[in-house]
Amino acid sequence: MSRFEALTGDNAVAMAMRQVNPDVVAAYPITPQTETVEFFAEYVADGLVNTEFICVESEHSAMSACVGASAAGARVMTATSSQGLALMWEIVYIAASNRCPIVMSLVNRALSAPINIHCDHSDIMGMRDSGWIVLFSENAQEAYDNIIQAVRIGEHPDVLLPVVVCQDGFVTSHGMERVEVFDDEAVKEFVGTYKPRYPLLDIEHPKTLGALDFYDYYYEHKRQQVQAMENATGVILAVAEEFNRKFNRNYGLFETYCLDDAEVAIVVANSTAGTAKVVVDRLRGEGLKVGLLKPRVFRPFPARELVEALKHLKAIAVMDRSISFGAMNNAGPLFLELVAALALHGVRVPIADYVFGLGGRDILPREIESVYRDLLRVAESGRVERLVTYLSVRE
Amino acid sequence: MAQLKGWKEIPIAGIILEAGNAVEYRTGGWRAFRPVRGEAECIHCFQCWLFCPDSSILVDAENEKMIGFDLDHCKGCGICARVCPVNEKVIRNAGTKLARDDARLCIRIVEEGRVKE
Ligand code: SF4
Ligand code: SF4
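Which chain is which? The protein sequence lines are A and B, in order.
Counting from 1, one number per residue, gives the positions in the first sequence under my numbering.
Counting from 396, one number per residue, gives the positions in the second sequence under my numbering.
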């Protein structure tokens, strides 16, 4: 049913792509790309996939080729990172608006300037309003599992949206881990075949995609995208349920760790959640009631479910690996959205933001521990001293 | 204009499922200039029909005649007047530069609102 391999996050994603065997992959292989495309190109060269692999001349063209292929009716995948994603920007929106269920692997890395190729979440946070479904992955295993589920989520007839699967640059993408790889047949069976709703290559039914759409209908098409996002939450859960059953996993909208009886908790996505779990174990050993919530689905933002999971706490810290410059208190995007969700649902738990790890700055267990110790003080006093902390920045 | 539909009633993504429905879109309203027949006689060579980017040259296919302009869709670009070989001949014979609304031409391009028909 499965085997274990030592894989980097990049390789794990390439492995999932090989098993999905998409019709088209378009990518621009230059730094900051990811090794995923390199591994995948080998699979193509070795004849292990039937994929039409298009080496384009820029990331802008990569996403353009993906949109074209998806509109034609193909199952399409790509991979990018950091500046590469930034160059795709224009077409990233078009992919979502054209309702192309493209699956993209994104290795989260900082945006220039100054030039930096290391981990942070500025790249994904920039595309958070673009209309893509966004999934986070703590490690290579989750990246692999999420890619497989992403295919089903995006292609669901009630959704038809592109899905981006994130993992942390270098920490996950280049770190080698033990990854459970399912049988090719099992993955193939799980993803099934794609039945596009309006394939342009169906020449019996000629149609036009991407035409001018003015004030008379543009707005209605945006409203449809809202509906697709609303439908996505249920679809993500249904796909996860099927995946969990078949592959013995436990996916949902987010993961909780020692949260039920916790008094204080950190909310943090991707690899840092793994480090935080170690800290939780250590502090629990001291008898401290600390917990963790690790978001998996960031778009659509599961506000109600998050509030439900966090409302019993006495203090919450969000750890953001990016800054929304100029936003309220120059906080991070995850914090801002969670604060809004709590306020909207009338939950008044003291909450603070900890920006960390920008440009690949290491985040150490003792720093996470310091956040928990802050939280325990906040829980006692009921007061947040500092709304936003830039963790371990030198003064 | 037809009754506008709600977001649940229309195909997603602005996809147009009906081929060739651009004809319903009256682009003629954008026009600042319009093509008008002049004094020189048309030789029905169909050059204008061939080049018009908006398929707005009306022809009588049976009798192979150019019969006018579809002003619901013509955008007034003036390409028809530029490619018309009779216009070319009129200009050459005049031996001088002609205004594009000169009455002697075969297809004249006239500012909208100044057409004397
Ligand atoms: S002016 Fe342009 S659009 Fe109008 S009939 Fe002539 S070529 Fe066609
Ligand atoms: S108007 Fe000019 S171009 Fe058009 S058919 Fe007549 S002669 Fe030919």
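Cβ coordinates follow ideal geometry from the N, Cα and C atoms, glycine included.
- Spanning the alpha carbons of Phe298 (chain A) and Thr78 (chain A) requires a straight line of approximately 20 angstroms.
- The beta carbon of Met104 (chain A) sits closer than 6 angstroms to the beta carbons of Thr78, Val164 from its chain, once the five residues preceding and following it are set aside; these are given in chain order.
- Listed along chain A are Glu220, Arg223, Gln224, each with a C-beta nearer than 7 angstroms to that of Trp402 (chain B).
- In the structure shown, Glu52 (chain A) falls within a strand segment according to DSSP collapsed to helix, strand and coil.
- Taking Leu106 (chain A) as the centre and dropping the five residues before and after it, the same chain places the C-beta of Ala79, Thr80, Ser81, Leu85, Asp123, Ile124, Val164, Val165, Cys166, Gln167 closer than 8 angstroms to its C-beta, in chain order.
- For Met229 (chain A), the shortest separation between its Cβ and any heavy atom of ligand 2 does not lie below 7 angstroms.
- Contact with chain A is absent for Leu500 (chain B), since none of that chain's Cβ atoms lies less than 8 angstroms from the residue's Cβ.
- Among the residues of chain A, none has a CB under 9 angstroms from the CB of Ala494 (chain B); the nearest is roughly 34 angstroms distant.
- Residues Ala341 of the same chain have their beta carbon placed closer than 6 angstroms to that of Ala303 (chain A), with the five preceding and five following residues left out of the count.
- Within the same chain, Cβ atoms closer than 7 angstroms to the Cβ of Asp465 (chain B) are found at Ser451, Leu453, the five residues on either side in sequence being excluded.
- Residue pairing by DSSP places Phe4 (chain A) opposite A:Glu180 in a beta bridge.
- Contacts with chain B (Cβ-Cβ distance below 8 angstroms) from the region 314–338 of chain A involve no residue at all.
- Leaving aside the five residues that flank Val171 (chain A) on each side, the residues in its chain whose CB is nearer than 7 angstroms to its CB run, in chain order, Cys119, Ser271.
- Taking a Cβ-Cβ threshold of 8 angstroms, none of the residues of chain B is close to Ser64 (chain A); the smallest such distance is about 16 angstroms.
- Using a Cβ-Cβ distance cut-off of 8 angstroms, the region 37–50 of chain A and the region 65–76 of chain A are not in contact, since fewer than three pairs of beta carbons, one from each stretch, lie closer than that value.
- Glu242 (chain A) and Arg18 (chain A) have their C-alpha atoms some 21 angstroms from each other.
- In this structure, Pro448 (chain B) has its CB closer than 7 angstroms to one or more heavy atoms of ligand 1.
- Residues of the region 150–176 of chain A with a Cβ closer than 9 angstroms to any Cβ of chain B, in chain order: Leu160.
- Counting only heavy atoms of ligand 2, the residues whose C-beta sits closer than 7 angstroms to one of them are, along the chain, B:Cys437, B:Ile438, B:His439, B:Cys440, B:Phe441, B:Gln442, B:Cys443, B:Trp444, B:Ile452, B:Met461, B:Cys475, B:Val478, B:Cys479, B:Pro480, B:Val481, B:Asn482, B:Cys501, B:Ile502.
- Here Gly9 (chain A) is near Ser173 (chain A), since their CB atoms are less than 8 angstroms apart.
- Inter-residue distance for Val279 (chain A) and Leu293 (chain A) is about 13 angstroms (C-alpha atoms, whole angstroms).
- Per the C-alpha coordinates, the member of B:Gly471, B:Arg499, B:Cys479, B:Gly490 positioned closest to Phe441 (chain B) is B:Cys479.
- The beta carbon of Ile410 (chain B) sits closer than 8 angstroms to none of the beta carbons in its chain outside the five residues before and after it.
- Shortest Cα-Cα distance from Glu138 (chain A) to any of A:Gly234, A:Lys277, A:Leu334, A:Leu336 involves A:Lys277.
- For Ser81 (chain A), the enclosing beta strand (DSSP E) covers residues 76–81.
- The beta strand (DSSP E) runs of length 3 or more contained entirely in the region 59–129 of chain A are, from start to end of the chain, 76–81, 103–108.
- When distances are taken from the beta-carbon of Lys470 (chain B) to the heavy atoms of ligand 1, the shortest one is below 7 angstroms.
- Looking at the DSSP output, Ile316 (chain A) sits in a beta bridge with A:Ala265, A:Ile351.
- Under a 10 Å Cβ-count criterion, Thr491 (chain B) is classified as exposed, with fewer than 16 other Cβ atoms of the shown protein chains found around its own Cβ.
- Contacts with chain A at 8 angstroms (Cβ-Cβ) do not include Ile504 (chain B).
- For Ala211 (chain A), the chain B residues whose C-beta falls within less than 8 angstroms of its own C-beta are Gly409, Ile411, listed in chain order.
- Contact between Glu434 (chain B) and Arg495 (chain B) does not hold, since the beta-carbon distance rounds to 14 angstroms and is not under 8 angstroms.
- Between Phe4 (chain A) and Glu177 (chain A), the CB-CB gap reaches or exceeds 8 angstroms.
- Leu399 (chain B) belongs to the set of residues whose beta carbon lies under 8 angstroms from a beta carbon in chain A.
- For Ile462 (chain B), no Cβ of chain A is located within less than 8 angstroms of the residue's own Cβ.
- Of the residues B:Cys447, B:Asn458, B:Lys400, the one whose Cα lies closest to the Cα of Pro430 (chain B) is B:Cys447.
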